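Written below as structure tokens is the structure these notes are about.
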Amino acid sequence: DIQMTQSPPSLSASVGDRVTITCRASQRISTYLNWYQHKPGKAPKLLIYAASSLHSGVPSRFSGSGSGTDFTVTISSLQPEDFATYYCQQTYSHPHTFGQGTKLEIK
Amino acid sequence: QLQLQESGPGLVKPSETLSLTCLVSGGLIISSSYYWGWIRQTPGKGPEWIGSISYGGSTHYNPSLTSRVTISVDTSKNQFSLKLTSVTAADTAVYYCARRGEQWIVNEAFDIWGQGTMVAVSS
Numbered sequence: 001d002i003q004m005t006q007s008p009p010s011l012s013a014s015v016g017d018r019v020t021i022t023c024r025a026s027q028r029i030s031t032y033l034n035w036y037q038h039k040p041g042k043a044p045k046l047l048i049y050a051a052s053s054l055h056s057g058v059p060s061r062f063s064g065s066g067s068g069t070d071f072t073v074t075i076s077s078l079q080p081e082d083f084a085t086y087y088c089q090q091t092y093s094h095p096h097t098f099g100q101g102t103k104l105e106i107k
Numbered sequence: 108q109l110q111l112q113e114s115g116p117g118l119v120k121p122s123e124t125l126s127l128t129c130l131v132s133g134g135l136i137i138s139s140s141y142y143w144g145w146i147r148q149t150p151g152k153g154p155e156w157i158g159s160i161s162y163g164g165s166t167h168y169n170p171s172l173t174s175r176v177t178i179s180v181d182t183s184k185n186q187f188s189l190k191l192t193s194v195t196a197a198d199t200a201v202y203y204c205a206r207r208g209e210q211w212i213v214n215e216a217f218d219i220w221g222q223g224t225m226v227a228v229s230s
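Keeping their order, the protein sequence lines are chains A and B.
Going by my numbering, 80 is the number at position 80 of the first sequence; the sequence numbering is gapless.
One gets my numbering by counting positions in the second sequence from 1 and adding 107 to each.
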């Protein structure tokens, strides 16, 4: 299985900050990388697919980049509704493994 | 808009079979552009991909679960189901159903999720 490692595990930031979360794959996965946002008690939401494509309805302050083994998701100016846990997922090969998550908390 | 809703027992005894159903509403499960999947998550860990199925019955399973898992689809009821046999406490988790778009649509990502249902394995 391809292992996905996210960093940092948690992050404290303030409204208006620029934040970047990193995801590293244990082998090269081209751009077969997706990002999700998850709030407690809610259904997870797809943010970015294919490493850099913004899913429909996702605000433009979210952006993704990377290819091969190293990927990032950036929030350009944090809004109160962005505090959540973020997960990456590879879809290069089955099983489509997820990272362990990055919890974004209010400072 | 399309919605998914999981249902099933919240408590299952060890060694028994966990059975969950996902009802798809607001759209048809019959689509060549999508698969339908199950994901689970235990507290403090990342989600675990369980498997997925097409409306025609083509399946992909996580190798770590393949000996115990069956995903099936019922197009007449617009729903799909998960069965996990011989459960243990390690199978206690929140179980989500989700729609998976084809690679050319959303890179095989899960683009619509259910709210999730907690299943505990305990005697």
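In this text, a Cβ means the ideal position worked out from N, Cα and C, and glycines have one as well.
This one's a predicted model, so the numbers in the text were calculated from it and none came from an experiment.
- Here the alpha carbons of B:Leu-191 and B:Leu-125 stand approximately 5 Å from one another.
- Check the Cα spacing between A:Ala-43 and each of B:Val-228, B:Gln-222, B:Ala-227: the tightest is with B:Gln-222.
- Counting along the chain, the unbroken beta strand (DSSP E) around B:Val-226 starts and ends at 224–228.
- Around the beta carbon of A:Arg-18, a 10 Å sphere encloses fewer than 16 other beta carbons of the protein chains shown; the residue is thus reported as exposed.
- Here A:Ser-12 is exposed, its C-beta having fewer than 16 other C-beta atoms within 10 Å.
- Residue environment analysis places B:Leu-189 among the buried positions, since at least 16 neighbouring C-beta atoms fall within 10 angstroms of its C-beta.
- Listed as beta-bridge partners of B:Leu-125 by DSSP are B:Leu-191.
- Fewer than three Cβ pairs drawn from the segment 72–90 of chain A and the segment 195–209 of chain B lie within less than 8 Å of each other, which leaves the two stretches out of contact.
- Distances from the alpha-carbon of B:Gly-153 to those of A:Ser-93, A:Glu-105, A:Thr-22, A:Met-4 put A:Met-4 closest.
- Distance from the CA atom of B:Trp-145 to the CA atom of A:Thr-22, rounded to whole angstroms, is 25 Å.
- Annotation: A:Pro-8 has no Cβ neighbours in chain B at a cutoff of 9 Å; minimum Cβ distance is about 14 Å.
- DSSP, reduced to helix, strand and coil, places B:Val-213 within a helical segment of the structure shown.
- Boundaries of the beta strand (DSSP E) harbouring A:Ile-106: 102–106, taken from the DSSP string.
- In the structure shown, B:Ala-200 adopts extended strand secondary structure according to DSSP, grouped into three states.
- With a cutoff of 7 Å on beta-carbon distance, B:Ile-212 and B:Ser-132 are scored as not near each other.
- Flagged as an interface residue toward chain A: B:Val-213, by a C-beta distance shorter than 7 Å.
- Under a 10 Å Cβ-count criterion, A:Val-15 is classified as exposed, with fewer than 16 other Cβ atoms of the shown protein chains found around its own Cβ.
- When DSSP assignments are scanned along the segment 127–193 of chain B, the uninterrupted stretches of beta strand (DSSP E) that are 3 or more residues long and fall wholly within it turn out to be 141–148, 155–160, 166–168, 176–181, 186–191.
- Taking 7 Å as the cut-off, the beta carbon of B:Ile-178 is found no closer than this to the beta carbon of B:Gly-163.
- At least 7 Å separates the beta-carbon of B:Thr-166 from that of B:Ile-137.
- By DSSP's assignment, A:Val-73 forms a beta bridge with A:Ile-21, A:Gly-64.
- For the segment 65–99 of chain A, the beta-carbon criterion of a distance under 8 Å to any beta-carbon of chain B is satisfied by Tyr-87, Gln-89, Thr-91, His-94, Pro-95, His-96, Thr-97, Phe-98, Gly-99.
- Below the 9 Å Cβ cutoff, chain B contributes Gln-210, Val-213, Asn-214, Ala-216 as neighbours of A:Ala-50, in chain order.
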